[in-house]
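The structure appears below as structure tokens.
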Amino acid sequence: MGCSGPNNVGEGSHRKNLNVNLNGKYAFGVDLGGTTVKLGYFTKDGKNIEKWEITTNTKNGGENILPDIANAIKKKMKEKNMTKEDIVGVGIGVPGPVDAQGIIYGAVNLGWGTFNIEEKLSALLDKMAVKAGNDANVAALGEMWQGGGKGHSNVVAVTLGTGVGGGIIIKGEILAGSTGAGGEVGHIHLNDDETDSCGCGNKGCLEQYASATGVVRLANKALQSGKGGDSCLAKLEKVTAKDIWDAVKNGDSLAVEIAEIYGQYLGKGLAAIADVCNPTIFVIGGGVSKAGDILIKYAEKYFQQYAFKGAKGAKIVLSVLGNDSGIYGAAKMVLP
Ligand code: ZN
Numbered sequence: 003m004g005c006s007g008p009n010n011v012g013e014g015s016h017r018k019n020l021n022v023n024l025n026g027k028y029a030f031g032v033d034l035g036g037t038t039v040k041l042g043y044f045t046k047d048g049k050n051i052e053k054w055e056i057t058t059n060t061k062n063g064g065e066n067i068l069p070d071i072a073n074a075i076k077k078k079m080k081e082k083n084m085t086k087e088d089i090v091g092v093g094i095g096v097p098g099p100v101d102a103q104g105i106i107y108g109a110v111n112l113g114w115g116t117f118n119i120e121e122k123l124s125a126l127l128d129k130m131a132v133k134a135g136n137d138a139n140v141a142a143l144g145e146m147w148q149g150g151g152k153g154h155s156n157v158v159a160v161t162l163g164t165g166v167g168g169g170i171i172i173k174g175e176i177l178a179g180s181t182g183a184g185g186e187v188g189h190i191h192l193n194d195d196e197t198d199s200c201g202c203g204n205k206g207c208l209e210q211y212a213s214a215t216g217v218v219r220l221a222n223k224a225l226q227s228g229k230g231g232d233s234c235l236a237k238l239e240k241v242t243a244k245d246i247w248d249a250v251k252n253g254d255s256l257a258v259e260i261a262e263i264y265g266q267y268l269g270k271g272l273a274a275i276a277d278v279c280n281p282t283i284f285v286i287g288g289g290v291s292k293a294g295d296i297l298i299k300y301a302e303k304y305f306q307q308y309a310f311k312g313a314k315g316a317k318i319v320l321s322v323l324g325n326d327s328g329i330y331g332a333a334k335m336v337l338p
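Each number in our numbering comes from the position in the sequence shown (counting from 1) with 2 added on.
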């Protein structure tokens, strides 16, 4: 959620300056990750026809990544007898900040520096239209289009994985902010008393509590302070997020206590987001969300406690698309 300034380049429509082929029948969606690239192609009305994966080759500063993606798309087009005229365009989600002009400002996991990814990939694809966005923002667009946020145009997606990511969609458009860093909800500051550091260098971020590592950290702290008692968590050699939520479901009293703390932080984070951008729905995804409705219940309880009354109406639901939200959102980037 960047503050708009004179260099306000990332604002507005994700389709600005984009010459898509509106007569085309299909759009490709690409979700570029540090180990695999997910690809898929879609009809204009959101049906995924096929999806597949290739390996991300990060050797030599990631110089082969875009040629590999272009080749995978060209190969699929040949296999399906598609021509350039059949394709509306190609959307791609990347693990780094991207501005409205398609410039990616570095992607550490890929070995990439700063360059215009849209121009480069388009040149490799016989000048087909290419639109790029930050992966978490693009995944949020996917959830709005065909996932948990379907039918809504003001959607916030929050991914509870190893870290906590997010994407904000306002009036159907990604809120990328001034430098493409909009929607970094994992680093909302929630606790002044935290002594451990977050991966970002600050202390007390939402991610330190609501991520998979965060909930495990809460459990380990409780166990170390002698709260184990007869909790099943105390008997485990190594506690995982899944262990904790399974124990919550079984009514384990320590696990329930941890879930309350977890819900307080997540609910507080969602309330802060809702007070600023007033979405109609939150879509919760990522590995930790596999805990299911019980996690939503704890988040909902504290969201209702902390949110401003005008923002309390937001629903909290689970992701529908899971790991596919990225390819859906990427395709949607080039579709009307
Ligand atoms: Zn942080």
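Even glycine gets a Cβ: it sits at the ideal position worked out from N, Cα and C.
Residue pairing by DSSP places F310 opposite no residue, since no beta bridge is assigned to it.
Each of H189, C200, C202, N204, C207 has a C-beta closer than 5 angstroms to some heavy atom of the ligand ZN; these make up the full list, in chain order. Cβ contact annotation for I275 (same chain, cutoff 7 angstroms, sequence separation greater than five): V158, V187, in chain order. One alpha carbon belongs to L68, the other to Y28, and they sit about 20 angstroms apart.
In this structure, the beta-carbon distance from Y308 to Y264 does not fall below 8 angstroms. Comparing C-alpha distances from G167 to each of W114, I286, G108, E239 shows the shortest one belongs to I286.
When secondary structure is reduced to three states using DSSP, T164 falls in the coil class, being assigned neither helix nor strand. When DSSP states are grouped into helix, strand and coil, C279 belongs to the helix group. In this structure, DSSP gives L220 a helical state, which the three-state scheme calls helix. A check of alpha carbon separations from L297 across D326, A257, A316, T45 identifies A257 as the nearest.
Annotated as proximal: G185 and A138, with beta-carbon spacing under 8 angstroms. Beta-bridge partners of K40 (DSSP): D33, E55. Residues V241 of the same chain have their beta carbon placed closer than 8 angstroms to that of N222, with the five preceding and five following residues left out of the count. Straight across, the Cα-Cα distance linking A183 with G98 is about 8 angstroms. Just so you know, the alpha carbons of G115 and N59 end up roughly 16 angstroms apart.
Cβ contact annotation for G64 (same chain, cutoff 6 angstroms, sequence separation greater than five): L112, G113, W114, in chain order. Nearest to S213 by C-alpha distance, out of K77, T164, C207, is T164. Secondary structure of C234 (DSSP, three-state): helix. Here G31 is buried. Its C-beta has 16 or more other C-beta atoms within 10 Å. If you check the CB distance, G179 and D88 do not come in under 8 angstroms. Taking 8 angstroms as the cut-off, the Cβ atoms of I170 and M146 do not count as close.
Taken in chain order, the complete alpha helix (DSSP H) segments of 4 or more residues contained in the region 136 to 181 are 137 to 148.
For K80, the enclosing alpha helix (DSSP H) stretches over residues 67 to 81. Setting aside the 5 residues that flank it on each side, Y211 is surrounded in the same chain by Y267, each with a C-beta closer than 6 angstroms to its C-beta; the list follows chain order. Listed in chain order, the non-local C-beta contacts of G35 below 7 angstroms within the same chain comprise T58, P97, local neighbours out to five positions each way being set aside. Straight-line measurement puts the Cα of V319 at about 24 angstroms from the Cα of K40.
One Cα belongs to D198, the other to D254, and the distance between them is close to 27 angstroms. According to DSSP, residue pairing for V100 in a beta bridge involves I106. In the three-state reduction of the DSSP assignment, V241 falls in the coil class, being assigned neither a helical nor a strand state. Beta-bridge partners assigned by DSSP to V258: none are found.
The DSSP-derived three-state label of N50 is strand.
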